[in-house]
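See structure below.
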């Protein structure tokens, strides 16, 4: 770290120590969307309870702080098409309507993913894998139906999610096994057909890992070589205090930007809890037994750990601001600590504190550390 950066980090740390345990009055804070309005969009993933009006306090926070939203679950295939040919758009319609009413950049998540897919998708009536032609037709119908419904209203789509494996280049999902590697190409092709004006993204986790970074670059290059449009890449950014390598993160931002695509942090959170295994992965199927050693802050978060979280966010945003010309959007995966998925993944029943706002929707030290970078 150079001298200037060290001094800047020290200033932020001193500020945080002065703040102590006290939380600032939110009404006096400049909203995140205003702080970063000349830099990049800033937003959050919203759940159906929020956009259906059941969590008004969180909705008020979203309206105040953010200028972009993404659907947490209501636009995944199992939610939109639980039965073949039977679509349920109620929650998705409410999500889009909320974004429109508040002038937000709306992102649909996600069209093609191996997880949270309906039971019928990959099999025939006898329970056997369907043919390639059948699965391609099902993919095309789903993408065309969904994207066409929101044409001109949803501004961007996570077209394919988590196609890269933790070991192999492409995950051996049912999409890949039945259709082949070109299922990614077909998904982007169908999305472009349905709405040529919507931005189309590839989204994946652990994209600061060198193997996954290079695989992501291969996905981008493969699409472009075939003349298929891809507008951006989403780095999911599910990080932790013990596994956030800022050098690798910056390397990924730079290398992805060199592919002439927008770079985005799409599912940002930083857990303060220990990961159950030495091999960190954001694969959603992981599920570990709840133990006291894995849930050390069940009552409250120690002030010292809150300071560590603030410093981690500060370092991350220093990199983002350094490369703001390459960053299109920063989206947190959730609105406040209480509704973050990190409370139940990969260990159900934990109490985590991974976002900028606490369970009462008040800004934390992490919020202060982020906005202070621009205020300076």
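In this note's numbering, the protein residues as written are 726 to 1101. All C-beta atoms in this analysis are idealised placements derived from N, C-alpha and C, irrespective of residue type, glycine included. Note that the structure is a prediction, hence the values are computed from the model and not measured.
Nearest-angstrom Cα separation, counted from residue 754 out to residue 920: 38 Å
C-beta atoms of residue 784 and residue 820 nearer than 8 Å: no
Local Cβ density within 10 Å of residue 1067, reported as buried at 16 or more and exposed below that: buried
Residue 992, buried or exposed, once every other Cβ within 10 Å from all chains shown has been counted against 16: Around the beta-carbon of residue 992, 16 or more other beta-carbon atoms lie within 10 Å, marking it buried.
Contact check, residue 949 vs residue 1053, beta carbons under 8 Å: no
Close beta carbons around residue 1038, own chain, < 8 Å, minus the five adjacent residues each side: 995, 1081, 1091, 1094 and 1095
Complete runs of the alpha helix (DSSP H) confined to the stretch 828 to 869 [at least 4 residues]: none
First through last residue of the beta strand (DSSP E) which encompasses residue 900: Unbroken run through residue 900 is the alpha helix (DSSP H), 899 to 904; no beta strand (DSSP E).
Contact the stretch 861 to 873 vs the stretch 821 to 829: 3+ CB pairs below 8 Å: no
Status (buried if at least 16 other CB within 10 Å, exposed otherwise) for residue 914: buried
Residue 1042, DSSP secondary structure in three states: helix
Buried versus exposed call for residue 811 [16 or more other C-beta atoms within 10 Å across all chains shown]: By the neighbour-count rule (16 or more Cβ atoms within 10 Å), residue 811 is not buried but exposed.
For residue 938, three-class secondary structure by DSSP: helix
Other residues of its chain near residue 747: CB distance less than 8 Å, five sequence neighbours each side excluded: In this predicted model, residue 747 has a pLDDT of only 34, less than 50, meaning its place in the structure is not dependable; the value taken from the coordinates is given anyway. Closer than 8 Å at Cβ, skipping near neighbours: no residue.
Endpoints, alpha helix (DSSP H) assigned at residue 823: 815 to 826 is the extent of the alpha helix (DSSP H) around residue 823.
Beta-carbon contacts of residue 1103 that lie in its chain and below 8 Å, excluding the five residues immediately before and after: Beyond the ends of the chain as shown, which are 726 and 1101, falls residue 1103; an answer cannot be given.
Nearest neighbour of residue 844, chosen from 960, 877, 804 and 817 [CA to CA]: Among 960, 877, 804 and 817, the Cα nearest to that of residue 844 belongs to 804.
Residue 776, enclosing beta strand (DSSP E) - first and last residue: Here residue 776 belongs to no beta strand (DSSP E); instead the alpha helix (DSSP H) covers 773 to 776.
Distance CB(residue 1073)-CB(residue 1034) smaller than 8 Å: no
Classification of residue 1085 by the beta-carbon crowding that lies within 10 angstroms, buried from 16 upward: With fewer than 16 other Cβ atoms within 10 Å, it is exposed.
Alpha-carbon to alpha-carbon, residue 1083 and residue 1020: 17 Å
Length of the line joining the Cα atoms of residue 997 and residue 1076: Those two C-alpha atoms are separated by around 10 Å.
Assumed close pair residue 836, residue 903 - CB separation to whole angstroms, cut-off 8 Å: With a Cβ gap of about 17 Å, residue 836 and residue 903 do not count as contacting.
Entirely enclosed beta strand (DSSP E) segments - the stretch 993 to 1070, minimum 3 residues: 1052 to 1057
As assigned by DSSP and simplified to three states, the class of residue 989: strand
Nearest-angstrom Cα separation, counted from residue 985 out to residue 762: 22 Å
Through-space distance from residue 1058 to residue 733, alpha-carbon basis: Any reading at residue 733 must be qualified, since the residue scores a pLDDT of 48, below 50, and its modelled position is unreliable; the value itself is stated next. Spanning the two alpha carbons is a distance of roughly 27 Å.
Alpha-carbon to alpha-carbon, residue 1055 and residue 776: 20 Å
Those residues which DSSP pairs with residue 1082 across a bridge: Paired residue(s): 1088.
Through-space distance from residue 1028 to residue 901, alpha-carbon basis: 46 Å
Where residue 879 falls: helix, strand or coil (DSSP): Secondary structure of residue 879 (DSSP, three-state): coil.
Secondary structure of residue 945, DSSP reduced to three states: helix
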